[in-house]
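Visitor: In the UniProt record's numbering, the protein residues as written are 1 to 260.
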Amino acid sequence: MSPEAAGIGDAPSGRRVRGLRREEVAQLAGVSVDYYTRLEQGRHTSPSEAVVDALSRVFRLDAAAHAHLTDLARPPRHRADPLPAQRVRPAMQQMIASMTDHPAFIVGRRTDILASNALARALLTDWTLLPPRHRNYTRWVFLDPAAREVYLDWPAVAADVAGTLRLYAGRFPDDPLLAELVGELTIKSPEFRTWWNAHQVHERTHGTKRMTHPAVGPITIRYEALTLPGDDDQTLFVYTTDPGSASADNLRLLSLLATR
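(1) Report yes or no: do three or more beta-carbon pairs, one from the segment 232 to 248 and one from the segment 86 to 98, lie closer than 8 Å?
(2) Where does the unbroken beta strand (DSSP E) through P239 begin, and where does it stop?
(3) Quick one: does the C-beta of D174 sit closer than 6 Å to a heavy atom of the ligand HEM?
(4) Can you give the Cα-Cα distance for P103 and Y223, rounded to whole angstroms?
(5) In the DSSP assignment, what are the bridge partners of N136?
(6) List the whole-angstrom C-beta distance separating V25 from Y35, where the pair is believed to meet the contact cut-off of C-beta under 8 Å.
(7) If you pair each beta-carbon of the segment 52 to 67 with each one of the segment 191 to 210, do three or more pairs fall below 8 Å?
(8) Do you know offhand how far A5's Cα is from L119's?
(9) Kindly indicate which three-state DSSP category T212 falls into: helix, strand or coil?
(10) How many Å lie between G19 and A97 at the Cα?
(11) Use the C-beta contact count for P132: other C-beta atoms within 10 angstroms, 16 or more gives buried, fewer gives exposed.
(12) Between the C-alpha atoms of A16 and S2, what's the straight-line distance to the nearest angstrom?
(13) Just curious, the alpha helix (DSSP H) that R204 is in, first and last residue?
(14) For L40, which residues of its own chain have a beta-carbon under 8 Å away from its beta-carbon, when the five flanking residues on both sides are left out?
(15) Drop a sphere of 10 angstroms on the beta-carbon of D174, count the other beta-carbons inside from all chains shown, and report buried for 16 or more, exposed for fewer.
(16) Look at V216 and L253 and say whether their C-beta atoms are less than 7 Å apart.
(17) Given P218, which residues of its chain have a CB within under 6 Å of its CB, disregarding the five upstream and five downstream residues?
(18) Compare the Cα-Cα distances from P90 to each of L69, D71 and A115 and report the closest residue.
Given below as structure tokens:
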């Protein structure tokens, strides 16, 4: 955030930092410089909701970044037991299996793939053939060369996925499996390492992706991410195409091939 963008006038000549100084952030947030310094240095670990909201306004954070900052500002949590394994309810399994015209899959914590229908597996990858610990969307995007062929805009997709995982890391800072996944990706993928260290966060709600499949050709899909009520940290993703489009025809052909 530059002084100009923050509305405090032109930056004085000889300024050594591009962003705001501590005293400028403190002034804009309505807190003392000493308080903000202690907060920035980690010597004050439980700021109030009002302070978090004020800092979000100063830095003009979007909803996902504000939620991430709120997670980070919570007092440290030390979980004695590991997070329970996630299970998809049989009714949800049956529902997505019945969606033969639309790829659908359910993502849990750490972007784990908890369930998928036949068309999703045909379009992306067959998660059921992978070891359970490898059934993870982020891991597939970064470590499976096939993912780079599936997504025509792979760098944008991968950067968003890294941001989504960063969002989970703020929500579950004491999850050992998440730490293990981040460690593996950091070692094996230089792209992940770059985007992870940028500390950007991303929340997937809806959007468009350009994809291709070797058997049917290009497919532009629209996706909707639906949080499942009553199922903590589970999100249903449904892919659709524009009616009458070449993408719709190609997806229909892929559906026929997947059910043979």
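Ideal placement from N, C-alpha and C gives every residue a C-beta, glycine not left out. Remember, predicted model here, so these are calculated numbers, not experimental data.
Guide: By the coordinates alone:
(1) yes
(2) In the sequence shown, residue 239 corresponds to position 239, counting from 1. Residue identity check: residue 239 is Tyr in the sequence provided, not Pro. Its beta strand (DSSP E) spans residues T235 to T240.
(3) As for the ligand HEM, it is missing from this structure, which has no ligand bound.
(4) Here residue 103 refers to the residue found at position 103 of the sequence shown. Here residue 223 refers to the residue found at position 223 of the sequence shown. Rounded to the nearest angstrom, the two C-alpha atoms are 9 Å apart.
(5) Indexing the sequence shown from 1 puts residue 136 at position 136. DSSP, once it has assigned bridges, lists D112 as partnering N136.
(6) Residue mapping note: residue 25 aligns to position 25 of the sequence shown, counting from 1. Residue mapping note: residue 35 aligns to position 35 of the sequence shown, counting from 1. Not confirmed; about 11 Å, so no contact.
(7) yes
(8) Within the sequence shown, the letter at position 5 stands for residue 5. Within the sequence shown, the letter at position 119 stands for residue 119. For A5 and L119, the distance between alpha carbons rounds to 46 Å.
(9) In the sequence shown, residue 212 corresponds to position 212, counting from 1. Strand, per DSSP.
(10) Numbered from 1 along the sequence shown, position 19 holds the residue referred to as residue 19. Numbered from 1 along the sequence shown, position 97 holds the residue referred to as residue 97. Approximately 50 Å between the Cα atoms of the pair.
(11) Numbered from its first residue, the sequence shown carries residue 132 at position 132. By the 10 Å Cβ count, P132 comes out exposed.
(12) Residue mapping note: residue 16 aligns to position 16 of the sequence shown, counting from 1. Residue mapping note: residue 2 aligns to position 2 of the sequence shown, counting from 1. It is Arg, not Ala, that sits at residue 16 in the sequence shown. Looking at the two C-alpha atoms, the distance is approximately 12 Å.
(13) Working through the sequence shown from its first residue, we reach residue 204 at position 204. Looking at the DSSP string, R204 is not in any alpha helix (DSSP H), and its letter there is neither H nor E.
(14) Here residue 40 refers to the residue found at position 40 when the sequence shown is read from its first residue. In the sequence on display, residue 40 carries Glu and not Leu. Result list for E40: R22, in chain order.
(15) One-based indexing of the sequence shown puts residue 174 at position 174. Exposed: under 16 other Cβ atoms inside 10 Å.
(16) For this step, residue 216 is matched to residue 216 along the sequence shown. For this step, residue 253 is matched to residue 253 along the sequence shown. Cβ distance < 7 Å, so V216 and L253 count as in contact.
(17) Walking along the sequence shown from the start, residue 218 turns up at place 218. For P218, where only same-chain residues beyond five positions count, the Cβ hits under 6 Å are T212.
(18) Walking along the sequence shown from the start, residue 90 turns up at place 90. Ranking L69, D71 and A115 by Cα distance to P90 puts A115 first.
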